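Enquirer: So the sequence shown is numbered by this note's numbering: it starts at 237 and just counts up by one.
All C-beta atoms, glycine included, are put in the ideal place defined by N, C-alpha and C.
Note that this is a predicted model, so its numbers are computed, not measured.
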Amino acid sequence: MVTSEDKTVLVVDDEPDIVFFLKVALEDHGFKVMTAFNGIEAMEKMHQQKPDLISLDLVMPGKSGIKFFRELRKNKEWSHIPVLFVTGHAYDRIDGTTLKETLNSLSLSGPSTYLEKPVNADTFIRNVKAILRIETAPDEHAEQERTSLQQELESLLPNAGPEELQEMLRILREKKQ
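(1) For Met-296, which of helix, strand or coil comes out of DSSP?
(2) Can you look up Phe-257 in the DSSP assignment and give me helix, strand or coil?
(3) By the three-class DSSP mapping on this structure, what secondary structure does Ala-396 have?
(4) Among His-265, Gly-301, Val-355, Pro-398, which one has its Cα closest to the Cα of Gln-387?
(5) Would you report the Cα separation of Thr-271 and Leu-385, rounded to the nearest angstrom?
(6) From the DSSP output, in three-state form, read off Ser-291 for me.
(7) Does the segment 257-273 come within contact of the segment 306-313, defined as at least 3 CB pairs closer than 8 Å?
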């Protein structure tokens, strides 16, 4: 059985906070992690060690994620490595096209998944595990779903009116009994 301890992920993003956040999330789930802050540095890391998956931002100074991805796909040794795009530019135009158009035009090997920033740690890990075909234990999956639902509920609370809050409390109290 494949486990997260067997896998290495290269996180490429020009925002240090994002790199740190994703690195910690991955390490907390047992992954080995390499980091790079642009496409040039990512290419150097690829020469040092081939990762099992790349988490890639699209818009970065130096060499963009798209340019790095295109170079990656031209290299026979690296072309099969799956890429998870993590971007704040899902709806922006990149190289004159939208992200969806760009993904459709690229020769993708493996999942063409992207997550939009700000990314949730549980969602990120769930996608990484799915791409790498790492099974999530049933209790871990249930806890991830619970956390995700709780975060969604918490995001809705600030905009809820008194009637909505009373209704949510009523439902929760009924369920508890």
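Expert: According to the data block:
(1) Position 60 of the sequence shown holds residue 296. Secondary structure of Met-296 (DSSP, three-state): coil.
(2) Translated into positions along the sequence shown, residue 257 becomes position 21. DSSP places Phe-257 within a helical segment (H, G or I) once states are collapsed to three.
(3) By 1-based counting over the sequence shown, the position of residue 396 is 160. Three-state DSSP puts Ala-396 in coil, outside helix and strand.
(4) Sequence index remark: in the sequence shown, residue 387 carries index 151 (1-based). When only C-alpha atoms are compared, the closest one is Val-355.
(5) Here residue 271 corresponds to residue number 35 of the sequence shown, with the count starting at 1. Here residue 385 corresponds to residue number 149 of the sequence shown, with the count starting at 1. The C-alpha of Leu-385 is placed about 30 Å away from the C-alpha of Thr-271.
(6) Position 55 of the sequence shown, counted from the first residue, corresponds to residue 291. Ser-291 falls in the strand class under three-state DSSP.
(7) For the pair of segments examined, the segment 257-273 was found not to touch the segment 306-313: the number of CB pairs separated by less than 8 Å stays below three.
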